[in-house]
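Reading through the structure tokens given below for one structure.
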Amino acid sequence: MGKEKEDFRLESWEEDMKDWFLDPVNGQLDEKEFRLEFFESTASFILEVDTEHIQPEAVIIKKEGHRLHIILNLKDRKCKRSVTFPFSLDHHPISYTVGHHSIEIMIFKKQSGSFTKDRYIIDCKNDQDYMS
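Going by our numbering, the sequence shown opens with residue 110, and the numbers climb by one from there.
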């Protein structure tokens with residue numbers, strides 16, 4: 110993809126993200142499902158899942174084309190949020206850190222030369238990670 114076309118898509122996405130932040134549906138999902146914050150650094154896009162008032166037993170992070178799905182398995186139900194990116198996530202590595210009241214998911218801007226893992230499962234009860 111040419112640099113100009115990529116810049117255009119990212120600029121368009123920045124506008125979409127502003128709309129995402131202002132969309133009242135996302136505020137409702139923050140209350141109904143779980144709070145999701147979005148940040149950007151020079152190296153990555155960062156999604157922060159607030160787990161202060163919920164205690165997930167497991168977290169599933171799944172890449173599907175341009176969408177990233179975050180699924181929290183709670184004791185009595187599942188909660189899900191999705192974020193659409195302006196590019197396919199197939200070649201973008203993901204990393205995450207589990208904190209005391211949050212899970213930080215980093216989607217690296219720099220692409221890898223090959224397909225990267227498409228599913229990450231965090232076992233919060235036993236503090237174990239699985240990748241597939």
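Glycine residues also receive a C-beta, built at the ideal position from the N, C-alpha and C atoms.
This one's a predicted model, so the numbers in the text were calculated from it and none came from an experiment.
Quick one, which of the options has its alpha-carbon nearest residue i's?
i    : options                : result
D232 : T151, Q164, G174       : Q164
E173 : D227, H209, N235       : D227
T151 : K219, N235, K234       : K219
K234 : F154, S197, S204, L181 : L181
Give the DSSP-derived three-state secondary structure of residue i in the structure shown.
i    : result
F154 : strand
F117 : Caution is warranted here: a pLDDT of 40 is assigned to F117, below 50, making its placement in the model unreliable, and the coordinate value is therefore given only provisionally. Looking at F117 - three-state DSSP - the assignment turns out to be helix.
F224 : coil
N235 : coil
Tell whether a beta-carbon distance below 8 Å holds between residue i and residue j.
i    : j    : result
F64  : L156 : Outside the displayed span of the chain (110 to 241) sits residue 64, for which this structure offers no information.
I169 : I230 : yes
K189 : H178 : yes
D199 : F224 : yes
E166 : L183 : yes
S221 : P202 : yes
H209 : D159 : no
Could you please give me the residues that DSSP links to residue i through a beta bridge?
i    : result
E173 : R176
I245 : The chain is shown only over 110 to 241; residue 245 falls outside these bounds and no answer can be derived.
L181 : V168, C188
F196 : Note: F196 sits in no beta bridge, so no partner.
Tell me which residue opens and which closes the beta strand (DSSP E) that residue i is part of.
i    : result
L145 : 145-149
T193 : 187-193
I230 : 228-232
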